[in-house]
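Participant: Residue numbers (this note's numbering): 7 to 488. Yeah, the Cβ is synthetic: ideal placement off N, Cα and C, and Gly gets one too. As the structure is a prediction and not an experimental result, all values here were calculated from the model.
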Amino acid sequence: MLARAHVHLHANTLLQALQRTLKMGDVNLSLKLLQLVSQSGLDMRKDQVQSACVTLIRAQHGVEEPYSIQTKILTRILEIGVRPNIAFFNAILLNTVQAGYLDLAMKMFDIAKENRLAPDWITCRILLRGAVSGADRETCLAMIEEIARSADLLRDHRVQTDMLNAISHSTAHSYNRMLDFYERHLDTAPLEDLGMSRVKTEARQSEEVSSSERWPSPEILGQMICAYVRAHQDSVDLLDRYNRYHEFVSRQHPLIAPVAQTDHVSNAFLVAFGRRARTLPHCAMIMRHMLDDSRSRRLSVQPEPVYPRLAAPSVQTWSILADAYSRHGQKKAAEKVLQLMQERNVAPNQVTWNSIISGLSSTQNVESAVDMLQRMRVAGYQPNDRTICGLGKIYDRRRLLRAFEEASRESRSLESQILSPQSDSTRALGGELRRTTIEQEARRSLKAMAARKHMTQTFRRLEREQRRNDMRHNVRYQPSTM
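Below, the structure is given as structure tokens:
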């Protein structure tokens with residue numbers, strides 16, 4: 007209105023108005039204000055202008071395919087006369103990668119370099135993670151080679167982290183390739199302490215100078231340890247590597263101890279040791295270390311930071327342990343895991359239940375698998391594709407059907423007891439709902455009633471999945487009767 011009245015508006019006033027319209031989500035008005043800012047003679051390379059452009063092209067438009075809208079907005083911004091800085095360019099690149107156009111993103115990256123727009127660590131992260139998530143091995147390798155030419159970028163720990171992640175997803179024998187990259191840019195001493203690096207000659211050792219600039223970050227060292235464990239799951243020396251890791255964490259090794267702030271490394275060892283029955287006892291040892299160490303703190307008067315020895319188990323940790331016991335037919339041990347979780351106020355999630363159901367199914371423990379399915383429903387989780395896939399490991403479908411039917415009968419029996427006018431439970435529900443224990447029982451019972459209604463649906467879904475698999479392998483299908 008003021009502009010139409012030929013009232014002169016200062017560039018700063020226009021920028022303030024632009025920020026306001028951006029917060030309101032009014033894209034069209036924001037573009038008009040951006041045009042006025044350009045006409046005011048303000049340098050369009052200013053951070054406030056570039057930031058506004060980033061907000062414009064990253065705006066959510068509530069459509070399934072936003073890229074075409076984002077492209078039109080970008081075209082309009084460029085027509086106004088804005089030339090992207092690296093932050094603006096990264097936003098453009100992110101839109102392109104999220105839309106799935108990795109080839110176009112790579113071409114844009116080349117154009118940026120031709121126009122002397124130096125990529126930063128965010129540029130590398132967008133391209134590398136986009137290539138990894140898109141399972142594009144060639145793009146991953148191309149980006150790895152491209153970034154490897156930039157010494158400045160490779161000094162950034164964030165770029166090193168993403169490079170190692172990309173290498174692990176794009177190459178065979180990934181640990182050796184990761185180690186090649188690591189040795190060129192980072193201090194190998196912590197990996198040598200853990201027994202996870204190559205043996206070096208004296209001549210090679212004398213060439214290397216340890217420097218704090220080459221010290222790996224906790225994230226990078228954690229990446230390397232986890233990759234080593236995955237690559238050596240069957241090694242007889244893996245227990246020795248874990249013992250070394252735990253010892254260095256307990257002794258507050260300045261580079262290794264910070265790695266234990268998360269549960270990633272402990273989880274990697276749990277997965278490895280849980281694969282075979284003979285190494286399963288090592289899982290219990292690791293959990294004991296995690297539970298004990300997470301409660302302890304080393305008393306020290308030194309100014310250096312003091313870390314908990316090992317992070318406490320997360321729900322993912324417990325799920326890995328439950329899966330290990332279930333896959334080896336140790337139902338009681340899996341039940342104990344659920345009990346320990348409850349004692350520590352850690353609620354099992356969908357992954358926990360699916361892991362146990364899949365493990366019990368793989369050992370053909372049909373009744374226990376169905377029982378866990380019911381308990382999962384009562385806990386508030388519905389079967390998903392992973393649940394069905396887990397139950398699909400059961401060979402005897404008739405036995406599975408009988409287990410479903412038995413579970414349904416038990417659920418109906420519980421339902422009749424709850425709804426009986428003469429039952430203690432009904433009287434309690436009618437007059438004593440203030441009591442917490444009765445309230446909990448009512449909730450459990452109602453959930454059990456709801457679970458029964460889904461039993462037949464779950465089995466039919468499982469049958470359909472099996473039928474598709476059988477047809478794929480030319481197996482004659484015989485439907486079950488319900």
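Report the rounded CA-to-CA distance for Gly-87 versus Gly-47, giving the unit in angstroms.
Facilitator: As a working note, residue 87 is residue 81 in the sequence shown. As a working note, residue 47 is residue 41 in the sequence shown. If I take the Cα positions, the gap works out to 11 Å.
Participant: Please confirm whether Ala-317 and Gln-267 have their CB atoms less than 8 Å apart.
Facilitator: Numbered from its first residue, the sequence shown carries residue 317 at position 311. Numbered from its first residue, the sequence shown carries residue 267 at position 261. Yes, the Cβ-Cβ distance between Ala-317 and Gln-267 is below 8 Å.
Participant: Glu-120 to Leu-110, Cα distance in whole Å?
Facilitator: Position 114 of the sequence shown, counting from 1, holds the residue named residue 120. Position 104 of the sequence shown, counting from 1, holds the residue named residue 110. Approximately 15 Å, taken between the alpha carbons.
Participant: Determine, using beta-carbon pairs with one atom in the region 166-185 and one in the region 239-259, whether at least three such pairs fall under 8 Å.
Facilitator: No, the region 166-185 is not in contact with the region 239-259.
Participant: With distances taken from CA atoms, which of Val-33, Leu-40 and Asn-34 is nearest Gln-22?
Facilitator: Position 16 of the sequence shown, counted from the first residue, corresponds to residue 22. Cα-wise, what sits closest to Gln-22 is Leu-40.
Participant: So does the region 146-161 actually touch the region 193-207, counting three or more Cβ pairs closer than 8 Å?
Facilitator: No, the region 146-161 does not touch the region 193-207.
Participant: Please go through the same chain and pick out, in chain order, the residues whose beta-carbon is closer than 7 Å to the beta-carbon of Val-138, but skip the five residues on each side of it.
Facilitator: Position 132 of the sequence shown, counted from the start, is the residue given in the question as residue 138. Cys-146, Asn-171, Ala-172 and His-175, listed in sequence order.
Participant: Is the separation between the beta-carbon of Arg-333 and that of Ser-368 shorter than 8 Å?
Facilitator: As a working mapping, residue 333 is identified with position 327 in the sequence shown. As a working mapping, residue 368 is identified with position 362 in the sequence shown. Taking 8 Å as the Cβ cut-off, Arg-333 and Ser-368 qualify as a contacting pair.
Participant: Which whole runs of the alpha helix (DSSP H) in the region 170-206 are 4 residues long or more, in chain order?
Facilitator: Listed in chain order, they are 180-191 and 195-200.
Participant: Measuring alpha carbon to alpha carbon, tell me which of Leu-379, Cys-395 and Gly-396 ends up nearest Ser-388.
Facilitator: On the sequence shown, position 382 is the one that residue 388 refers to. According to the sequence provided, residue 388 is Gln. The question's Ser does not apply to it. Nearest C-alpha to Gln-388: Leu-379.
Participant: Of all the options Asn-101, Leu-80 and Arg-89, which has the alpha carbon lying nearest to the alpha carbon of Glu-71?
Facilitator: Locating residue 71 in the sequence shown gives position 65, counting from the first residue. The candidate whose alpha carbon is nearest that of Glu-71 is Asn-101.
Participant: Among residues of its own chain, excluding the 5 on either side of His-6, which ones have a beta-carbon nearer than 7 Å to its beta-carbon?
Facilitator: Shown here, the chain extends from 7 to 488; a query on residue 6 therefore has no answer.
Participant: Closest to Ala-233 by C-alpha separation, out of Ile-117, Ala-274 and Thr-358, would be which residue?
Facilitator: The count along the sequence shown starts at 1 and reaches residue 233 at position 227. Out of Ile-117, Ala-274 and Thr-358, Ala-274 has the C-alpha closest to the C-alpha of Ala-233.
Participant: Excluding the five sequence neighbours on either side, which residues of its own chain have a C-beta within less than 6 Å of the C-beta of Asn-355, listed in chain order?
Facilitator: Residue numbering aside, residue 355 sits at position 349 when the sequence shown is read from its first letter. So the qualifying residues of the chain are Val-321.
Participant: For the region 221-231 against the region 255-263, are there 3 or more C-beta pairs whose distance is under 8 Å?
Facilitator: Contact holds: three or more Cβ-Cβ distances are below 8 Å.
Participant: In angstroms, rounded to a whole number, what distance separates the CA positions of Leu-133 and Leu-245?
Facilitator: The sequence position of residue 133 within the sequence shown is 127, counting from 1. The sequence position of residue 245 within the sequence shown is 239, counting from 1. When rounded, the distance between both Cα atoms is 37 Å.
Participant: State the CB to CB distance for the pair Ile-79 and Val-43, rounded to an integer number of angstroms; the pair is presumed to be in contact (CB under 8 Å).
Facilitator: Reading the sequence shown from its first residue, position 73 is the one you call residue 79. Reading the sequence shown from its first residue, position 37 is the one you call residue 43. Going by Cβ atoms, the distance from Ile-79 to Val-43 rounds to 16 Å, so no, they are not a contact pair.
Participant: Straight-line CA distance for Leu-20 to Val-165?
Facilitator: Your numbering for residue 20 matches position 14 in the sequence shown. Your numbering for residue 165 matches position 159 in the sequence shown. Leu-20 and Val-165: Cα-Cα distance of roughly 38 Å.
Participant: Taking the alpha helix (DSSP H) that Glu-341 belongs to, which residues open and close that run?
Facilitator: Sequence index remark: in the sequence shown, residue 341 carries index 335 (1-based). Start and end: 337-349.
Participant: Which of the three DSSP states, helix, strand or coil, is assigned to Arg-51?
Facilitator: The sequence position of residue 51 within the sequence shown is 45, counting from 1. Residue state, collapsed to three classes: coil.
Participant: Quick one: which unbroken beta strand (DSSP E) runs of 3-plus residues sit fully inside the region 56-110? Chain order, please.
Facilitator: Qualifying beta strand (DSSP E) stretches: none in this window.
Participant: Cutting at 6 Å between CB atoms, please list the residues of its own chain near Thr-61, excluding the five before and the five after it.
Facilitator: The residue given as residue 61 occupies position 55 in the sequence shown. Contacts found: Leu-28.
Participant: Can you have a look at Asn-18 and say buried or exposed, based on whether 16 or more other CB atoms are within 10 angstroms of its CB?
Facilitator: Within the sequence shown, the letter at position 12 stands for residue 18. So Asn-18 ends up on the exposed side.
Participant: Leu-118: buried (16+ other C-beta within 10 angstroms of its C-beta) or exposed?
Facilitator: Counting from one through the sequence shown, the residue named residue 118 turns up at place 112. Residue identity differs from the one stated: residue 118 is Ala in this sequence, not Leu. Ala-118 comes out buried.
Participant: Label Lys-337 either buried or exposed according to how many other C-beta atoms from any shown protein chain fall within 10 Å of its C-beta, with 16 as the threshold for buried.
Facilitator: Residue 337 sits at position 331 when you count from the first residue of the sequence shown. Result: buried.
Participant: Taking the Cβ atom as the reference point for each residue, do Asn-371 and Gly-396 lie within a distance shorter than 8 Å?
Facilitator: Working through the sequence shown from its first residue, we reach residue 371 at position 365. Working through the sequence shown from its first residue, we reach residue 396 at position 390. Cβ distance not < 8 Å, so Asn-371 and Gly-396 don't count as in contact.
Participant: Using a Cβ-Cβ cut-off of 8 Å, state whether Gly-31 counts as contacting chain D.
Facilitator: As a matter of chain content, chain D is missing from the structure shown, which is built from one protein chain.
Participant: Is it true that the CB of His-270 sits closer than 8 Å to the CB of Gly-201?
Facilitator: Position 195 of the sequence shown, counted from the first residue, corresponds to residue 201. Position 264 of the sequence shown, counted from the first residue, corresponds to residue 270. Cβ distance not < 8 Å, so Gly-201 and His-270 don't count as in contact.
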